[in-house]
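Residue numbering for the sequence shown is 41 to 792, as defined by my numbering. As structure tokens, the structure follows; a few thoughts come after it.
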Amino acid sequence: MNVHLAAGECQDGYRRGAAMPSMPSGRLDDSNIAGRNTLSGSGYLAAGGLKCLRQSYLPVCFAALSRSAVGSMSGPGRVVCCIDAAVRGARAVAVSNSGGTIVTDRQALTTRGRVWAGRGVVVALALLLLTMIANPPANAVVMWHPKAAPLPTPWTKLVGPDNALPDYPRPQMTRASWMNLNGVWGYMGRSAGTVLPAPPAPSAYGEQILVPYPVESALSGIQRHDDEMWYRKVVKVPSNWVGQHVLLHFGAVDQIATVWVNNHEVARHEGGYTEFSVDITRALQWPGPQEITVRVQDRNDANPFPIGKQRNRPKGLFYTGASGIWQTVWMEPVHATYINKVDISTDLTGMTVTPRIAGTKGQRVVVFVVKPNGGRVVAVGSSGAGDTIRLPVPEPHLWTPDDPYLYDLKVALVDPSGRVVDAVSSYAGLRTIGTMPDPQGRPRIALNNRITFLHGPLDQGYWPDGIYTAPTDDALKSDLVRIKELGMNFVRKHGKVEPARWYYWADKLGLMVWQDMPSLDVSLDIPVGPAPEPSPAAKANFEKELLAMIDQLRSVTSIVGWVPFNEGWGEFDTARIAGVTKAADPTRMVDANSGVNCCKSRGDTLAGDIYDDHTYVGPGEPQIHDDLMKAHSKGPVPVDNRVRVDGEYGGLGLVLDQNRWPGRPEAYEMAGSPARLTERYVQVSRRLEDIVRRTGLSGAIYTQTTDVENEVNGFLSYDRWQVKMPIAVVAERNRAVIAAGTPGMAPQDVRR
């Protein structure tokens, strides 16, 4: 007998449509459940962890029972279908031609009775099994399988328990030894109410989730929102880590995370967009397995935290929430004294490196700057642990979007005896960003002291299968590759902080980035005018996470600007926050409030380095009014040295029926065909080119890279299967715009 299961219904030995071995006689049993995947004896199947999902009880049991019922199995004909064989021992249904026992627990026979042999038994057992499917035992575990994504991407089917984002998650500070904890975790969800103060018993985790996909996503296997989320995973720490310190890292958890290791609370973190780490060495129990438990509380827009565009009730330009663990979880061993972070800032002649050291003092740090791809060492520097190291680079090769050259760095921590106790690898590109006057005296953005026009899309980083989390690293990279193919040199990361690998690909591919701070909650249903003042708690959370974001991303080469506020959403103390941002990172530009003319904005404060209007369909001609300058002046009217940028324009839409999200599609202007969309894009682009030449505009951001849920104004469809316009036509126009705003550049000079 061959029993075939549908894809994803069983794990371990029999998965994704594999045939189970034939059983000429004997029994299908749950014995030795943690052991092998073998046939032994007279057709005895030791399933070795066979885990039958709720929907697979039926095909497994009936295929066997139908043979038993007609007497074609020899011997007692005992048939067992496992229901929960993962942790607590098998729950089972057993049928015997001779004795007829229904077994519901390995340790106890809760029901005894005579089951008549013959075909009629199948009907009776069908009713029993259907009842079990509809009402599984309270402690039955629903095994992970992906839910159906409303729109599958080209990468959806590539995701599984063994390859959930396996790549090293922190490219700008790598170590040789690490352990990825992505994959299947136990899961329990609860609605709002009394929060459980401590981890529940293992039997409480009745579902499985695929980390690091948000609980609302199809790839998580949960596909619903829970206000309180509990994750549990038992891991075996490598034996060669004994004697070292072990760090546990979380890329991002939305919003409030509490972490236990072996029931010892080890960390608490607030904020859904920033990383956190903890030394868990004292909580480990050698040599046994280690239990990691995470409680996450997230009510999306009902909490006073930055949330970007997440909403409990998605609509229009606000989207599905992304709760819980949504970036990689991982561990690594370190010495008692170790490199905790490496801060890198660069200029046109070299770089400054500031290693942050955790542990005892007395060590020295040595930094090597190396040409890429195994090239030669070009600079070496050393200092006491925690001190700043200046590294001049001879014949410096600068980073630009057209030539994204990156130097490799090797950073070693050396103890007083000369022994290397920690070493990490990093990288950096040499570049500067600032402003300079053009020949007409107008302030312009300058990359590496050269006026450079910034042209790119608004990029929101949403996925129909993973929501905030790209299904694979190739998927994450693919959007940036498309932006380069479309002839652009820049991207505005809107309302979200991405995993470190997204910035790595921007660095490698050559795309300048403006990084938004995710906004506090705002309602667009309120009357016209500025949004209400955020609560004191919300303000404090926003400012804390803003500074944490800047600190986390300060070494990223591609980031050239920070955007604290957008269109007045959650806006407060605008000038002060712009100053706080600039003080935290003086090396980059600050756009105090993108869309200062729009929506819920509180008006221009003259703060920051950039004056930013939004114009749909546009493009517009951002101009600050003289009366505003006078109103802010306490003496002679100051000169406004801010550059002008059209921070959002475009929004041209096209509905592709085979690639659309459920619901009513929206765009600022709808085209009826790809040809009409292309025609309109060319018209808008020619107008932008004219504005750039006439006014000295410094940048323009088109809405947007991809469709997002019901917004259909992307270059790409939401599922990434379709590019809506001919790439060559769009790229030609975008390169012409960049060349118009970059003195001395021709369109063909823009790197493809």
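We put the beta carbon where it would ideally sit given N, CA and C, even for glycine. These figures come from a predicted structure and were not determined experimentally.
**OP:** Pull up the distance between the alpha-carbon of Trp270 and that of Gln663, whole angstroms please.
**Re:** 51 angstroms
**OP:** Compare the Cα-Cα distances from Glu719 to each of Val679, Pro766, Val748, Ala740 and report the closest residue.
**Re:** Pro766
Original post:
What are the residues that DSSP puts in a beta bridge with Phe493?
Top reply: DSSP output for Phe493 lists no bridge partner at all.
Subject >> Outcome for Ile347 when other beta-carbon atoms lying within 10 angstroms are tallied against a minimum of 16 >> reply: Flag for Ile347 reads buried.
Original post:
Between Gly356, Leu446, Thr377, which lies nearest to Ile384 when the distance is taken from Cα to Cα?
Top reply: Leu446
**OP:** Please report the residue range of the alpha helix (DSSP H) in which Arg541 lies.
**Re:** 540 to 549
**OP:** Measure how close the beta-carbons of Met552 and Trp370 come, nearest whole angstrom, since I'm counting them as under 8 angstroms.
**Re:** 29 angstroms between Cβ atoms; not a contact.
Original post:
What is the C-beta distance between Ser598 and Asp547, in whole angstroms, given that I count them as a contact (C-beta under 8 angstroms)?
Top reply: 5 angstroms
**OP:** Could you tell me which of Gly610, Ile397, Thr509 sits nearest to Pro254, measuring between CA atoms?
**Re:** Thr509
**OP:** Would you kindly report the start and end of the unbroken alpha helix (DSSP H) that includes Gln723?
**Re:** 714 to 735
Subject >> Member of Gly601, Met228, Phe605 whose CA lies at the smallest distance from the CA of Arg628 >> reply: Relative to Arg628, the option among Gly601, Met228, Phe605 whose CA is nearest is Gly601.
Subject >> Thr196 (DSSP reduced to helix, strand or coil) >> reply: helix
Original post:
Roughly how many angstroms lie between the CA atoms of Arg482 and Val679, to the nearest whole one?
Top reply: 11 angstroms
Subject >> Option nearest Leu438 by Cα separation, candidates Thr392, Leu692, Asn488, Asp759 >> reply: Here the closest residue by C-alpha is Asn488.
**OP:** Buried or exposed for Gly402, please, with buried defined as at least 16 other CB atoms from any protein chain shown within 10 angstroms of its CB.
**Re:** exposed
Subject >> Residue burial classification, Val282 (beta-carbon count within 10 angstroms, cutoff 16) >> reply: exposed
Original post:
When you compare only the Cα positions, how much space is there between Thr746 and Val724?
Top reply: So the two alpha carbons sit approximately 18 angstroms from each other.
**OP:** Could you work out which residue in Leu324, Ala618, Tyr467, Arg210 is closest to Gly414 when comparing CA atoms only?
**Re:** Tyr467
Original post:
Got a sec? Which residues, its chain only, sit under 8 angstroms from Thr743 by beta carbon, not counting five neighbours each side?
Top reply: Within its own chain, the residues whose Cβ lies closer than 8 angstroms to the Cβ of Thr743, once the five positions on either side in sequence are excluded, are Pro497, Leu498, Tyr656, Glu688, Tyr689, Gly690, Gly691, Tyr708, Asn753, listed in chain order.
Original post:
Using the rule of at least 16 other Cβ atoms within 10 Å of the residue's Cβ for burial, across every protein chain shown, is Met476 buried or exposed?
Top reply: exposed
Subject >> Where the beta strand (DSSP E) containing Glu310 begins and where it ends >> reply: 304 to 310
Original post:
Among Val286, Gln295, Val451, which has the Cα closest to the Cα of Asp267?
Top reply: Among Val286, Gln295, Val451, the Cα nearest to that of Asp267 belongs to Gln295.
Subject >> Euclidean distance between Cα positions of Pro456 and Arg404 >> reply: Taking the straight line joining both Cα atoms gives about 8 angstroms.
Subject >> Cβ shell of Thr360 (< 6 angstroms), same chain only, five flanking positions each side left out >> reply: Glu256, Pro354, Ile507
Original post:
So, do the stretch 288 to 303 and the stretch 319 to 336 have three or more beta carbon pairs nearer to each other than 8 angstroms?
Top reply: yes
Original post:
Should Asn699 and Gln762 be called a contact, given that it needs their Cβ atoms to be closer than 8 angstroms?
Top reply: Yes, the Cβ-Cβ distance between Asn699 and Gln762 is below 8 angstroms.
Subject >> DSSP bridge partner residues for Glu706 (one or two, in chain order) >> reply: Looking at the DSSP assignment, Glu706 forms a beta bridge with Glu751.
Original post:
Is the Cβ-Cβ distance between Gly610 and Asp561 less than 8 angstroms?
Top reply: yes
Original post:
Mind checking Arg210: buried by the 16 CB within 10 Å criterion, or exposed?
Top reply: buried
Subject >> Residues near Gln788 in its chain [Cβ-Cβ closer than 8 angstroms; skip 5 each side] >> reply: Arg775
**OP:** Return the chain-ordered list of same chain residues with a C-beta closer than 7 angstroms to the C-beta of Arg215, the five sequence neighbours on each side being excluded.
**Re:** Glu372, Val464
Original post:
If you draw a straight line from the C-alpha of Lys584 to the C-alpha of Val531, how long is it?
Top reply: 25 angstroms
Original post:
With 16 as the cutoff for other CB atoms within 10 Å, does Gly712 come out buried or exposed?
Top reply: It counts as exposed.
Original post:
For Gln284, which three-state DSSP category applies?
Top reply: coil
Subject >> Beta carbon of Ala780 nearer than 8 angstroms to that of Val748 >> reply: no
Original post:
Do the CB positions of Gly261 and Lys187 come within less than 8 angstroms of each other?
Top reply: Between Gly261 and Lys187, the C-beta spacing is below 8 angstroms.
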